[in-house]
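Below you'll find the structure, written out as structure tokens, and then a few comments.
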Ligand SMILES: [Zn+2]
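What follows is the structure in structure tokens.
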């Protein structure tokens, strides 16, 4: 272990999650940040750093001005959409560990329903073909002329390869969808409160074979934030500190550049690299193994991301992600490794996975709607299909 | 047809060169002039050796379906009238990957592992795309045809200092 200061999550905040909330992203972000500060028992003036995704549309200085933060020492962005979810927490911890800042908020706000607020960033939302006109200047030129344009199309192609190599079945993705919708049905903050069966999943309309509607992340508005400070300071604050045990990032091709994605077959763990190496670093730094993890929050733009992440981070053998789900292992309360206990992206909400962070913290505080009894170690990873990262969190002992 | 195809409008010389060859009816792929590593999509340098000298090689166009999906609504306006349609990722025998469509099979008959070959198709007046058709599996095992006139004319591109500094 390095000799730097230990970091901890001292506060979490989130808005209501819903469609068409009619609020700007700045408004949503302010609420999530203030709620995280209130949760910690700190005033917003204590914040001296912000971390978010590169696709985030709320500028740090706008938050600073709106909230009355006197000084910022740190402003960081990390690549990708869903790939950035765990990384924003990891980078906040890195900044605290290294003394670059004392009180860093990692956040993401999204008004998914309102095209007017998206800005020019093609990653921000709206139908891909409604962004940037009909002429293709970037990586889209290798996809769009062939009718491949939505993340669902790209994930479907990735899923088909996994099915071909490992015998994974569409029902494996469906079983994860069903488990997460069960979790969501018991979570008052979730958008989808109705439980579904595997037959319901089979009856949901096909989006891009093998992906069905119920595999897909929701389209909603909302924001979430986590407040990271030194472990020492966190121990004096309102909530029980949740330690950041280790954090990693890794570079890998994104699903929006499929030619590169398939050229780098580490995407499936077929050789070392990507999440396979990152997982070894993650667990090695914390002197833990995947079997030590009590609950996993796996960012999944589509449910196919869950088996891929389980395999590459070493929770099961390569190619065994589908059967692992089929065994019930990912389903709360009886599964050996409950995954996405808040309901995940198809059940609770989708804000590029930022909502997975407060759930990991609630689990370690013993305050989750679907509480894993005695949970001491939580794993969070960003989308497996992107440049991404992961964190391990632990109770303060 | 409902909406026109989304058309590439590349900003970089490398991307533009790929599409200009397609417009002429050729599939040419960048191959490093120094270490012979193919790369696609086009890139300014060879990731294997760092060379920035490339040959644009007319390739066989043969490969196999590496991944496939069948796409349902909603999708791009240009494709909306064609749903459900198949989309594929093809691994060319040269080792690079391309996204495409298989033109001569029903969507449900496009499967991972099937051999395909490129067919450059005019999908709209004046606009060609490198699409694929099913290929005879036996044909794939033959050595690349050395008599092909297209293969005899790699086009070498050397970047001058001005280009590199830009
Ligand atoms: Zn080379």
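Protein chains in written order, with our numbering: chain A, 104 to 500; chain B, 697 to 862.
A virtual CB, placed ideally from N, CA and C, is assigned to each residue, including glycine.
Treat the numbers as computed from the prediction; the structure is a model and nothing was measured.
Three-state secondary structure assigned by DSSP to residue 711 of chain B: Here residue 711 of chain B refers to the residue found at position 15 when the second chain is read from its first residue. Helix.
Same chain, Cβ closer than 7 Å to residue 771 of chain B, five either side skipped, listed in chain order: Within the second chain, numbered from 1, the residue matching residue 771 of chain B stands at position 75. Result list for residue 771 of chain B: 779, in chain order.
Exposed unless 16 or more other CB atoms sit within 10 angstroms - verdict on residue 500 of chain A: Within the first chain, numbered from 1, the residue matching residue 500 of chain A stands at position 397. It counts as exposed.
Below-8 Å beta-carbon distance, residue 251 of chain A vs any chain B residue: Locating residue 251 of chain A in the first chain gives position 148, where the first residue counts as 1. Closer than 8 Å to some Cβ of chain B, the Cβ of residue 251 of chain A qualifies, so yes.
At least three beta-carbon pairs within less than 8 Å, the region 304-314 of chain A to the region 338-352 of chain A: no
Min CB distance residue 487 of chain A to chain B below 8 Å: Locating residue 487 of chain A in the first chain gives position 384, where the first residue counts as 1. Output row for residue 487 of chain A: interface = no.
Under 7 Å (Cβ pairs) to chain B, residues found in the region 348-374 of chain A: 361, 362, 365, 366
Unbroken beta strand (DSSP E) run spanning residue 379 of chain A, endpoints: One-based indexing of the first chain puts residue 379 of chain A at position 276. Run containing residue 379 of chain A: none in the beta strand (DSSP E); it sits in the alpha helix (DSSP H), 377-389.
Neighbourhood of residue 344 of chain A by C-beta, 7 Å cutoff - its chain only, sequence neighbours within 5 removed: Taking the first chain and counting its residues from 1, one reaches residue 344 of chain A at position 241. Here the set comprises 111, 113, 334, 337, 338, 499.
Partners in chain A for residue 767 of chain B, counting only beta-carbon separations shorter than 7 Å: Counted from its first residue, the second chain places residue 767 of chain B at position 71. Simply 250, 256, 311.
Residues within the region 740-760 of chain B neighbouring chain A, beta-carbon criterion of under 9 Å: none
As assigned by DSSP and simplified to three states, the class of residue 420 of chain A: For the purposes of this step, residue 420 of chain A is taken as residue 317 along the first chain, with counting starting at 1. Here residue 420 of chain A sits in coil by DSSP.
Proximal residues to residue 461 of chain A (C-beta, below 7 Å), its chain only, five neighbours per side dropped: The sequence position of residue 461 of chain A within the first chain is 358, counting from 1. Counting only Cβ-Cβ distances below 7 Å, and skipping sequence neighbours, we find 115, 117, 327, 329.
Chain B contact residues for residue 215 of chain A, given Cβ-Cβ distances below 7 Å: Mapped onto the first chain, residue 215 of chain A falls at position 112. The premise fails here: residue 215 of chain A is roughly 15 Å from chain B at the closest Cβ pair, so nothing lies under 7 Å.
Within chain B, partners of residue 247 of chain A - CB distance below 8 Å: In the first chain, residue 247 of chain A corresponds to position 144, counting from 1. Those within 8 Å of residue 247 of chain A in chain B are 702, 772.
Any non-hydrogen atom of ligand 1 closer than 7 Å to residue 744 of chain B Cβ: Residue 744 of chain B sits at position 48 when you count from the first residue of the second chain. Within the cutoff, so yes.
With 16 other Cβ atoms within 10 Å as the buried cut-off, status of residue 148 of chain A: In the first chain, the residue the question calls residue 148 of chain A occupies position 45. Exposed, since its Cβ has fewer than 16 Cβ neighbours within 10 Å.
For residue 321 of chain A, three-class secondary structure by DSSP: Your numbering for residue 321 of chain A matches position 218 in the first chain. Residue 321 of chain A falls in the coil class under three-state DSSP.
Neighbourhood of residue 445 of chain A by C-beta distance below 6 Å, restricted to the same chain and skipping five residues each side: Locating residue 445 of chain A in the first chain gives position 342, where the first residue counts as 1. These residues qualify, in order along the chain: 290, 451, 462.
Beta-carbon contacts of residue 283 of chain A that lie in its chain and below 6 Å, excluding the five residues immediately before and after: To locate residue 283 of chain A, count along the first chain from 1; it is residue 180. Within the same chain, residue 283 of chain A has close Cβ partners 443, 446, 447, 449, 450.
Residue 317 of chain A beta carbon less than 8 Å from that of residue 87 of chain A: Residue numbering for chain A in the displayed model covers 104 to 500; residue 87 of chain A lies beyond these limits and cannot be assessed.
CB contact below 8 Å: residue 64 of chain A versus chain B: Outside the shown range of chain A, which is 104 to 500, sits residue 64 of chain A, and nothing can be said about it.
Proximity test, residue 854 of chain B beta-carbon vs ligand 1 heavy atom, cut-off 7 Å: For the purposes of this step, residue 854 of chain B is taken as residue 158 along the second chain, with counting starting at 1. No, ligand 1 has no heavy atom inside 7 Å of this Cβ.
CB contact check: residue 244 of chain A to chain B, cutoff 8 Å: Here residue 244 of chain A refers to the residue found at position 141 when the first chain is read from its first residue. Yes, because at least one Cβ of chain B sits closer than 8 Å to the Cβ of residue 244 of chain A.
Three-state secondary structure assigned by DSSP to residue 155 of chain A: As a first step, residue 155 of chain A must be located in the first chain, where it is residue number 52. DSSP places residue 155 of chain A in strand when its eight states are reduced to three.
Rounded straight-line distance, which links the Cα of residue 407 of chain A to that of residue 276 of chain A: In the first chain, counting from the first residue as 1, residue 276 of chain A sits at position 173. In the first chain, counting from the first residue as 1, residue 407 of chain A sits at position 304. The alpha-carbon atoms of residue 276 of chain A and residue 407 of chain A are separated by roughly 5 Å.
Amino acids of chain B, ordered along the chain, whose beta-carbon sits closer than 8 Å to that of residue 230 of chain A: Within the first chain, numbered from 1, the residue matching residue 230 of chain A stands at position 127. Going along chain B in sequence order, the residues near residue 230 of chain A (Cβ under 8 Å) are 770.
Contacting residues, own chain, Cβ-Cβ under 6 Å from residue 153 of chain A (five flanking each side not counted): Here residue 153 of chain A refers to the residue found at position 50 when the first chain is read from its first residue. If we look at residue 153 of chain A and ignore the five residues flanking it on each side, its Cβ neighbours are 163, 178, 208.
For residue 191 of chain A, the three-state DSSP class (helix, strand or coil): Numbered from its first residue, the first chain carries residue 191 of chain A at position 88. Residue 191 of chain A: helix per DSSP, three-state reduction.
Proximity to residue 851 of chain B [Cα-Cα], best of B:773, B:754, B:790: As a working mapping, residue 851 of chain B is identified with position 155 in the second chain. The option with the nearest alpha carbon to residue 851 of chain B is B:754.
Bridge partner(s) assigned by DSSP for residue 425 of chain A: The count along the first chain starts at 1 and reaches residue 425 of chain A at position 322. In the DSSP output, where bridge partners are listed per residue, residue 425 of chain A has none listed.
Range covered by the beta strand (DSSP E) that runs through residue 309 of chain A: Here residue 309 of chain A corresponds to residue number 206 of the first chain, with the count starting at 1. Residues 309-311.
Neighbour-count burial assignment, residue 745 of chain B, 16 or more Cβ in a 10 Å radius: Counting from 1 along the second chain, the entry for residue 745 of chain B is found at position 49. Under this definition residue 745 of chain B is an exposed residue.
Span separating the alpha-carbon of residue 756 of chain B from that of residue 813 of chain B: Indexing the second chain from 1 puts residue 756 of chain B at position 60. Indexing the second chain from 1 puts residue 813 of chain B at position 117. In a straight line, the C-alpha of residue 756 of chain B is about 8 Å away from that of residue 813 of chain B.
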